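So that you can map any letter, position 1047 of the sequence shown is 1047 in the UniProt record's numbering, and since no number is skipped, the others follow by simple counting.
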Amino acid sequence: MPPRSSTAHPWLWYCRSSTCRSNLRSTLSLRPISFKSPLTVANAPTFERKSSPTRSFCRSSQVLSSTSPVMSQIQRITESLEKPDLDDRSYRVIRLPNKLEALLVHDPDTDKASAAVNVNVGNFSDQDDMPGMAHAVEHLLFMGTKKYPKENAYNQYLAAHSGLSNAYTAATETNYFFEVSATGDSSPAPSTGQNDSAESTGASDQVADKSSSDSAADSDKKSPLYGALDRFAQFFVSPLFLESTLDRELRAVDSENKKNLQSDLWRLMQLNKSLSNPKHPYHHFSTGNLQTLKEDPQKRGLEVRSEFIRFYEKHYSANRTKLVVLGRESLDVLEGWVAELFADVENKDLPQNRWDDVQPFSEEDMCTQVFAKPVMESRSMDMYFPFLDEENLNDVQPSRYISHLIGHEGPGSILSHLKAKGWANGLSAGAMPICPGSAFFTISVRLTPEGLKLYQEVAKVIFEYISMIKEREPEQWIFDEMKNLAEVDFRYKQKTPAIRFTSRLSSVMQKPMPREWLLSGSLLRRFDPEVIKNAMSYLRADNFRLIIVSQDYPGEWDQREKWYGTEYKVEKIPHDFLSGIQKALRSTETTRTSSLHMPHRNEFVPTRLSVERKEVAEPAKIPKLIRHDDRVRLWFKKDDRFWVPKATVHVTLRNPLVWTTPANLIKTKLYCELVRDSLDEYSYDAELAGLDYHLFTTTLGLEISVGGYNDKMSVLLEKVLKTMSGLLVNQGRFNIIKERLARAFRNAEYQQPFHQVGDYDRYLLSERSWINEQYIEALEHIEAEDVIKFFPSLLEQTHIEVLAHGNLYKEDALRMTDMVEKILGGRTLPASDWYLYRNMIIPPGGNYIYPRTLKDPANVNHCIGYYLHIGSFSDDVLRAKLQLFSQLTDEPAFDQLRSQEQLGYVVWSGSRYNTTTMGYRVIIQSERNAQYLESRIDAFLTQFGQTLEKMSDDEFEGHKRSVINKRLEKLKNLGSETGRFWSQVRSEYLDFLQHETDAACVRVLGKVDLIEFFKQYIDPSSPTRAKLSVYLNAQSDAASTETGPVQQRTRLIEAVKEDLDSAGLTVNSDTLTAAFEQLDMAVVDLSQIMYILKGFLATELPESAGQNHAVISKLEAKLGAQLKQLGLGTKEHADSANGTSSNLPKPVIVEDVRSFKARLPVSTGPVPVSDLTDYEDFEAKL
């Protein structure tokens, strides 16, 4: 399939998730385009008016006056951006005197403000002998500034204002972004569309060393955006690169790299880079690690902090910087803030980073085939063609025309032919920008076992299709169809989350396009056959590299990639194979494969795009039941908020057979995959036209959804239903799908440990659930005949639950529901037979550990899932307390466990919601063993109890505001409202106003309520606390021994030696080590360390007695913090680490899950918060 967007490709960037903990699920993807409908192992949860700007300057302490020198020199580039029809935002592009360019966005109704900075420097600018520099600088830039020297002042401020931040490093850019609450209060503001007054839109934080609690207690009339921008801007004005944080952040980079060492996405990306032209920076190892960033440079005599500062000073410049700011404030106010806060970013007039004199692939790299061995079971063939740079072809974008044809999945396509032959499961194609002046065009094929054996034939089919495209003139109607679809998509594009919008747009601003096109870069504007033909000329037999990925073919890998250790083999493409490719390129209509032909016109292109818009006093907050009988419950709401010609219909076919045994669940999954496989060619056109469907299993039964432009929605739904009802199972396709599913289950156990821990949580906490090894065993015995016999029983007796939401009338919803009932047939499933959601309850005082050994022998990371059972999900007050406690610990847990103690790159804490129960959860992935990680979590929670007791009322109220703002956050688009409705229908609570209930409950909570909550449910010494820990243990013990006494002593000595060196005292390492041999590592105390250190200095450096005394005083405060980082501390900490605290019950090791569950009570099932009759609306009106 062709690419979905023209945004920057994520396989080139590295994320600083240290500042964004809202979601553990990684979004990195290394392939240019993901395959359609990938098999998943488990159902994981998924993270207008035109308004004129008003001139409203704040008082002089907040904004520069319009007559100030900076303001008078600001260049206003444009305010006339092309934007979607329903976009009520106002835009202005400006350039400051220092040449920093900014896009200002006034959104009158946003509840989240955001900003992003994109700097035109990335890992391509790393020094060859110090890879990872750009990435390390991205990390270090957050560590304090001259104005705000406290290292986590920025994060504390954001946390106190419902905010978060993140950053990433790409090839030629580094992107920093944040979001905060748009207003300083937690009351739901009415949508007026007008800008707030000057008194309420912003105020300056003039005191740089203001505490986080003071910041959180800022007047509600002040805008949190200003304070966040003030702190944010300082990263680019006067960063400190605090020496005290240097080692920690470099270890964070190292941990990030180790997290990815067993990821095939990263391994295969780096293999292609490592085998590229060494003279081009694409060859670089971009992430970096402790060896490249610290150990090796120090061996060469470099002072690494100075090197990072030098990199920053050399490459960061205002003229390379693009800024996007989005807020409720008027454009004039935002302009004033940007002028005031970013005017001091230094302009060095640096040129754009370009590498025009060299290409990523040299001539020797062409016509080679690389065989690579992956960690997971996968088979693919990737073609990399050096391609033209489209940087200045924004109006034509020839690669999109080409990828549309090569990546097509309909009749006559490459994929259609390969699937018919049993050679492939998926294909994708598209341009892959590398840097200005360089690009690849990639074609990736997901192979079957037979396709792997015949990969040369697969390649020849692709070149035959390329030949067919080349022999024809580019066709106007194909371009026009693509152009039309792009225009429809843009016209009805809805808002995305503010932080995503600002980050993406700041990257887009680096492109040389008219500023009026910043929002509309996806549009195709000009058909130019010559440009398309020129682009096609790059797809030649002498201009590509082939990469074949397989665990067992050819089985003769003779080399290992330097950075990730990937086994591979490189050779020139054999002469006969290359001759076959050249023959394919010379093929004609009479000689090429007869089933290949150009795509037909797309019948799913929407033509009826009208929306009947009726003004309402307030949008409806809940859907209505417009049909309610024994057979069907139909929920409906006509869109009265977003006014787009789109809709979604969700259908659940309740049938308890699906969730009775692993075998039944697998047979249902196979049925869904076979239906999807049958529909691929038909549904592809609909998908291109913005209309898609999904069919999958749930705990309740089967779920069908159709969503997108509503024009032809019923046509697609009807086809899906008829295919489900009359499925014909092809044995060949069944074999391929079964193998693919088995491989997906096996591969799931090779995912990163933190991705796996959730599966085990569900297994232990759900009344009925299974894990991959049980699925694999069941799948082995299922054949096509079993599915053929089974699937009619899925449709034979069901209850139908439907949600229809969007640009639909009642009659549309009723008609589609009737269609479901009539086509699928069957009889009514009585309510007594419905599956009942229930979860296990960990009893008060319970302390359980479930250990598992990870399957990947090369993985070095352990993981802990630490879960504290809180209670029933339906308890509104208890749920509010959990949400507030999660907010209170979010930043401190991350700061202590990740930033200070450096336990691992992945650290997350927060609420976990099961179907009927809830709990508090901490997840850490680390090279240290799970037992040690648990001791550090316990130590943190114990310490946080004291922090909570001492917390000021102002800080506590700030956290309350943050939770309330999050719960009352405005819906951004139609899909977000549909998701809210459907999650409540699926949960069976039907609590459509749960977010408002939560906010109301949080609003009345006091600190004493949270202290009591902590003492009962969280405190490690509480006799009523209920805990379940999942230990995922790496097979390799090399890393886990790092936390033993010997390793802890070594790290402590290293820290002391670094502190002494930085203080100008040079000591002998061996002598220092000998002095610390007497230290009892079981009970490490700061006074004990200082006693040893004083005696050591007095003996070794008696001539420096005066200096020693001054150094000792400074080191005592510094070492106190370092002990926490090293996981060392008091006797109580030692007891906790050894599980000897008298207040904790001895943990019970869960060895047999069935027996474990048999001894636990189960929760009650979900009950609707209101009687169903309260939702009924059977009136005949449309």
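Just so you know, even glycine gets a beta-carbon here, dropped at the ideal spot from N, CA and C. Since this is a predicted model, take the numbers as computed values, not measurements.
Could you check whether residue 1031 and residue 1166 sit closer than 8 Å to each other, using their CB atoms as the reference points? 8 Å or more divides the Cβ of residue 1166 from the Cβ of residue 1031.
Less than 8 Å separating the beta-carbons of residue 942 and residue 872? No, the pair does not count as a contact, with Cβ atoms beyond the cut-off.
Is it true that the CB of residue 370 sits closer than 8 Å to the CB of residue 424? No. Outside cutoff.
So within the UniProt domain "Peptidase M16 N-terminal" (103–182), which uninterrupted beta strand (DSSP E) runs reach at least 3 residues, ignoring any that extend past its ends? Under the rule that a run must span 3 or more residues, the beta strand (DSSP E) segments found entirely inside the UniProt domain "Peptidase M16 N-terminal" (103–182) read 112–119, 164–169, 174–181.
Report the start-end ranges of each beta strand (DSSP E) in the stretch 313–345 that is 3 residues or longer and not cut off at the edges. Runs of the beta strand (DSSP E) lying entirely within the stretch 313–345 and spanning at least 3 residues, in chain order: 321–327.
Determine the extent of the beta strand (DSSP E) in which residue 635 is found, giving its start and end residues. 632–638 is the span of the beta strand (DSSP E), which, as asked, contains residue 635.
Where residue 299 falls: helix, strand or coil (DSSP): In the structure shown, residue 299 sits in a helix (DSSP, three-state: H, G or I).
With distances taken from CA atoms, which of 786, 716, 620, 740 is nearest residue 686? Measuring from the Cα of residue 686, the nearest candidate turns out to be 716.
Where the beta strand (DSSP E) through residue 1027 begins and ends: Element bounds for residue 1027: 1027–1033.
So is residue 129 buried or exposed if we call it buried at 16+ other beta carbons inside 10 Å? Residue 129 is exposed by the Cβ-count criterion.
Which whole-angstrom value describes the C-beta separation of residue 587 and residue 467, a residue pair presumed to lie in contact below a C-beta threshold of 8 Å? That pair is a contact at about 5 Å.
DSSP state of residue 1007, grouped into three classes? In the three-state reduction of the DSSP assignment, residue 1007 falls in the helix class.
Evaluate residue 183 with the Cβ neighbour count: other Cβ atoms within 10 Å of its Cβ, from every protein chain shown; 16 or more gives buried, anything less gives exposed. With at least 16 other beta carbons inside 10 angstroms of its own, residue 183 counts as buried.
On the DSSP letters alone, give me the boundaries of the beta strand (DSSP E) that residue 876 sits inside. No beta strand (DSSP E) holds residue 876; the alpha helix (DSSP H) holding it covers 876–893.
From the DSSP output, read off the bridge partner residues of residue 802. DSSP output for residue 802 lists 634, 651 as bridge partner(s).
Have a look at residue 1155 and residue 774 and give me their C-alpha separation to the nearest angstrom. Our two residues, residue 1155 and residue 774, have alpha carbons roughly 17 Å apart in a direct line.
From residue 344 to residue 229, what does the alpha carbon distance come to, in whole angstroms? The straight-line gap separating the alpha-carbon atoms of residue 344 and residue 229 is approximately 13 Å.
Let's see if you can read the secondary structure: which residues bound the beta strand (DSSP E) around residue 445? Taken as a continuous stretch (DSSP letters only), the beta strand (DSSP E) holding residue 445 covers 438–447.
Proximal residues to residue 601 (C-beta, below 8 Å), its chain only, five neighbours per side dropped: Excluding sequence neighbours, residue 601 sits near 477, 481.
Contacting residues, own chain, Cβ-Cβ under 7 Å from residue 660 (five flanking each side not counted): Nothing listed; no residue qualifies.
Just to confirm, is the Cβ distance from residue 1101 to residue 1092 under 8 Å? For residue 1101 and residue 1092, no; Cβs fall outside 8 Å.
Below 8 Å CB to CB, which residues in the same chain sit around residue 718 once its five sequence neighbours on both sides are set aside? Answer for residue 718: 819, 823, listed in chain order.
Check residue 771 in the structure and name its three-state DSSP category. DSSP places residue 771 in the coil class of the three-state scheme, outside both helix and strand.
Counting beta carbon pairs with one atom in the stretch 826–841 and one in the stretch 648–655, are three or more of them shorter than 8 Å? Contact between the stretch 648–655 and the stretch 826–841 is present, with at least three C-beta pairs closer than 8 Å.
Residue from 812, 893, 254, 117 with nearest C-alpha to residue 910: Out of 812, 893, 254, 117, 893 has the C-alpha closest to the C-alpha of residue 910.
Is the CB-CB distance between residue 111 and residue 969 below 8 Å? A contact, by the Cβ cut-off of 8 Å.
Here's the rule I'm using: 16 or more other beta-carbon atoms within 10 Å means buried, otherwise exposed. How should residue 434 be labelled? In this structure residue 434 is buried. Its beta-carbon is surrounded by 16 or more other beta-carbon atoms within 10 angstroms.
Which full runs of the alpha helix (DSSP H) of 4+ residues lie inside the stretch 481–529, going along the chain? Assignment of alpha helix (DSSP H) within the stretch 481–529, counting only whole runs of 4 or more residues, yields 498–508 in chain order.
Where does the unbroken alpha helix (DSSP H) through residue 277 begin, and where does it stop? Counting along the chain, no alpha helix (DSSP H) covers residue 277, and no H or E run does either.
Between the Cα of residue 879 and the Cα atoms of 78, 455, 891, 919, which residue gives the shortest distance? If we check each option's Cα against that of residue 879, 919 comes out closest.
In chain order, what residues of the same chain lie with their CB nearer than 7 Å to the CB of residue 378, ignoring the 5 residues before and after it? Excluding positions up to five away in sequence, the list reads 264, 549.
Quick check: the stretch 81–97 against the stretch 483–492, are at least 3 beta-carbon pairs closer than 8 Å? The stretch 483–492 makes contact with the stretch 81–97, as at least three CB pairs between them are under 8 Å.
Stretch pair the stretch 328–343 + the stretch 356–373: three plus CB contacts closer than 8 Å: Result no; under three Cβ-Cβ pairs closer than 8 Å.
Can you tell which of 152, 118, 117 has the C-alpha that lies nearest to the C-alpha of residue 898? Nearest option by C-alpha distance: 152.
Among residues of its own chain, excluding the 5 on either side of residue 400, which ones have a beta-carbon nearer than 6 Å to its beta-carbon? Within the same chain, residue 400 has no close Cβ partners at all.
Proximity winner among 1049, 1072, 1048, 1046, relative to residue 1057 (alpha-carbon distances): With distances taken between Cα atoms, residue 1057 lies closest to 1072.
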